[in-house]
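Visitor: Mapped onto mature numbering (1 follows the signal peptide of the UniProt record, and there is no 0), the consecutive letters of the sequence shown carry residue numbers -22 to -1, 1 to 251.
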Amino acid sequence: MAVSKPLLLLALVLHNTRDLLGAEVKSSIVGGDDATKGGWPWMVYLSIKTDDGAQKWQCGATILNEYWLLTAGQCWDDQLISRWDRVGVWIGTHKLREPSARYMHVRTIIRHPEYRAQGYGYINDISLIQLKKRISFSKLVSKVNLPGADDTFTSSSECWITGWGDIRKDVPLPDPGVLQQLKIPILAQSECRAWYPEVTDAMLCAGNPAGGKDACKGDYGGPLVCRTGSGFVQVGIMSYGNPDGCGIPGRPGVYTRVSKYLAFINNYISQEP
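Listed below in structure tokens is the structure:
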């Protein structure tokens, strides 16, 4: 049976993922469990490659509409921001080792103009990806909803993170690479700033204070979603955490607060190619 080029590319990307360590952007989920196929239909797997085709790092992303995706600003270095040919976009993915995903080509990447690194964290850590072709929605592929500008979410909200990152420090997600999910609480802003004084109102913290449950290497750019009366909305984008490891007690993850960037997002996603 003939194998399409996109599926061969996915196999090569996943093989290289296991062989390359020390990438600049690292992330995954600690303490999670296997997600149900189609349970998080807006999830996107991003593979960022070197010029020779090897995987440089990976990120998560979400589907905003038929042409636009949402992810972190840190997923692109100054060279990659204009090298869209080095970005692999996979939608409809559940198990990384199973060829059920669809490969999409990038038209352009727009990183927030005031994005910057700060210490081991980031400011305005958000970017948008425009695709060349329209996404066809299905039961397994659909868009995520965004919060309102004044929506608030607290520790009592039901919130989840999802991703294909490490299951603990320097331990990659084992084959077949099933999407991981983790229910995680949002923390009070005062508690967040006690751990990370640099945190602004455009960021939030989420995590288990006791440790053992967290985003990790390979998950950044992925979503923090919370349940509302009308379904899940994307409250945050995974941004950074403790540089010493994932799931460390008393050190939650830091997320870009999506509600603070609605003007930035809406300015672009109404545009079509």
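Every residue, glycine too, gets a C-beta built ideally from N, C-alpha and C.
For residue 243 and chain D, any beta-carbon pair shorter than 8 Å?
Guide: Although the question refers to chain D, the structure presented lacks it and comprises just one protein chain.
Visitor: Take every Cβ of the segment 217 to 233, pair it with every Cβ of the segment 184 to 204, and state whether three or more of those distances are shorter than 8 Å.
Guide: Yes, the segment 217 to 233 touches the segment 184 to 204.
Visitor: On the criterion of 16 or more Cβ atoms from any shown chain inside 10 Å, does residue 71 qualify as buried, or is it exposed?
Guide: Indexing the sequence shown from 1 puts residue 71 at position 93. It counts as buried.
Visitor: What runs of the beta strand (DSSP E), each 3 residues or longer, lie entirely inside the segment 18 to 66?
Guide: Those beta strand (DSSP E) runs which fall completely within the segment 18 to 66 and span 3+ residues are 21 to 27, 33 to 41 and 46 to 49.
Visitor: Output yes or no for whether 8 Å exceeds the beta carbon distance between residue 39 and residue 207.
Guide: Locating residue 39 in the sequence shown gives position 61, where the first residue counts as 1. Locating residue 207 in the sequence shown gives position 229, where the first residue counts as 1. Going by C-beta atoms, residue 39 is not nearer than 8 Å to residue 207.
Visitor: I need the boundaries of the alpha helix (DSSP H) containing residue 170, first residue and last residue.
Guide: If you number the sequence shown from 1, residue 170 lands on position 192. Element bounds for residue 170: 167 to 173.
Visitor: DSSP three-state call for residue 109: helix, strand or coil?
Guide: Along the sequence shown, one-based indexing puts residue 109 at 131. Of the three classes helix, strand and coil, the one that applies to residue 109 here is strand, per DSSP.
Visitor: Buried or exposed for residue 249, going by 16 or more other Cβ atoms inside 10 Å?
Guide: In the sequence shown, residue 249 corresponds to position 271, counting from 1. Exposed is the call here.
Visitor: In the DSSP assignment, what residue or residues form a beta bridge with residue 205?
Guide: Residue 205 sits at position 227 when you count from the first residue of the sequence shown. Answer is 210, bridged to residue 205.
Visitor: Measure the alpha-carbon distance for residue 61 versus residue 87 and round it to whole angstroms.
Guide: Residue 61 sits at position 83 when you count from the first residue of the sequence shown. Residue 87 sits at position 109 when you count from the first residue of the sequence shown. About 9 Å.
Visitor: Taking C-beta to C-beta, are residue 104 and residue 51 nearer than 8 Å?
Guide: Working through the sequence shown from its first residue, we reach residue 104 at position 126. Working through the sequence shown from its first residue, we reach residue 51 at position 73. Yes, they are a contact pair.
Visitor: How should residue 130 be labelled, buried or exposed, when 16 other C-beta atoms within 10 angstroms of its C-beta is the threshold for buried?
Guide: As a working mapping, residue 130 is identified with position 152 in the sequence shown. The residue is exposed, with fewer than 16 neighbouring Cβ atoms inside 10 Å.
Visitor: What distance in whole Å lies between the Cβ atoms of residue 117 and residue 16, which are believed to be in contact at a cut-off of 8 Å?
Guide: Working through the sequence shown from its first residue, we reach residue 16 at position 38. Working through the sequence shown from its first residue, we reach residue 117 at position 139. Rounded, the Cβ-Cβ distance is 6 Å, consistent with contact.
Visitor: DSSP three-state label for residue 160, please.
Guide: Counting from 1 along the sequence shown, the entry for residue 160 is found at position 182. DSSP places residue 160 in strand when its eight states are reduced to three.
Visitor: So, at 7 Å on beta carbons, what are the nonlocal neighbours of residue 76 in its own chain, with the 5 sequence-adjacent residues on each side left out?
Guide: The residue you call residue 76 lines up with position 98 of the sequence shown. Closer than 7 Å at the Cβ level, and outside the excluded window around residue 76, lie 154.
Visitor: Of all the options 101, 30 and 114, which has the alpha carbon lying nearest to the alpha carbon of residue 69?
Guide: Taking the sequence shown and counting its residues from 1, the one referred to as residue 69 is at position 91. Nearest of 101, 30 and 114 to residue 69, Cα basis: 114.
Visitor: Report the rounded CA-to-CA distance for residue 29 versus residue 85, giving the unit in angstroms.
Guide: The count along the sequence shown starts at 1 and reaches residue 29 at position 51. The count along the sequence shown starts at 1 and reaches residue 85 at position 107. Computed Cα separation, rounded: 18 Å.
Visitor: Look at the alpha carbon of residue 31 and the alpha carbon of residue 64, and state the distance between them as a whole number of angstroms.
Guide: By one-based count along the sequence shown, residue 31 stands at place 53. By one-based count along the sequence shown, residue 64 stands at place 86. Straight-line Cα distance between these residues: approximately 8 Å.
Visitor: Where does the unbroken beta strand (DSSP E) through residue 240 begin, and where does it stop?
Guide: Here the question's residue 240 lines up with position 262 in the sequence shown. Per DSSP, residue 240 belongs to no beta strand (DSSP E); it is in the alpha helix (DSSP H), 240 to 247.
Visitor: Thinking residue 143 and residue 196 are a contact (beta carbons under 8 Å), I'd like their distance in whole angstroms, please.
Guide: Locating residue 143 in the sequence shown gives position 165, counting from the first residue. Locating residue 196 in the sequence shown gives position 218, counting from the first residue. Confirmed, Cβ separation roughly 3 Å.
Visitor: Do you know whose CA, among 136, 157, 234 and 55, lies nearest residue 7's CA?
Guide: Looking up residue 7 in the sequence shown gives position 29. Of the candidates 136, 157, 234 and 55, the one whose C-alpha sits nearest the C-alpha of residue 7 is 157.
Visitor: Taking only three categories from DSSP, how would you classify residue 236?
Guide: The sequence position of residue 236 within the sequence shown is 258, counting from 1. Assigned with DSSP and collapsed to three states, residue 236 falls in helix.
Visitor: Taking all protein chains shown into account, do 16 or more other C-beta atoms lie within 10 angstroms of the C-beta of residue 100, making it buried, or fewer, making it exposed?
Guide: Counted from its first residue, the sequence shown places residue 100 at position 122. Buried, because 16 or more other Cβ atoms sit within 10 Å of the Cβ of residue 100.
Visitor: Note down the Cα distance separating residue 119 from residue 20, rounded to an integer number of angstroms.
Guide: Start at 1 with the first residue of the sequence shown, and residue 119 comes out as number 141. Start at 1 with the first residue of the sequence shown, and residue 20 comes out as number 42. Their backbone Cα atoms lie some 6 Å apart in a straight line.
Visitor: Anyone know if the C-beta pair for residue 246 and residue 124 falls short of 8 Å?
Guide: Here residue 246 refers to the residue found at position 268 when the sequence shown is read from its first residue. Here residue 124 refers to the residue found at position 146 when the sequence shown is read from its first residue. No. Outside cutoff.
Visitor: So residue 204 and residue 137 are in contact, right, with Cβ under 8 Å, and what is the actual spacing, rounded?
Guide: Residue 204 sits at position 226 when you count from the first residue of the sequence shown. Residue 137 sits at position 159 when you count from the first residue of the sequence shown. Yes, residue 204 and residue 137 are in contact; Cβ-Cβ is about 4 Å, under 8 Å.
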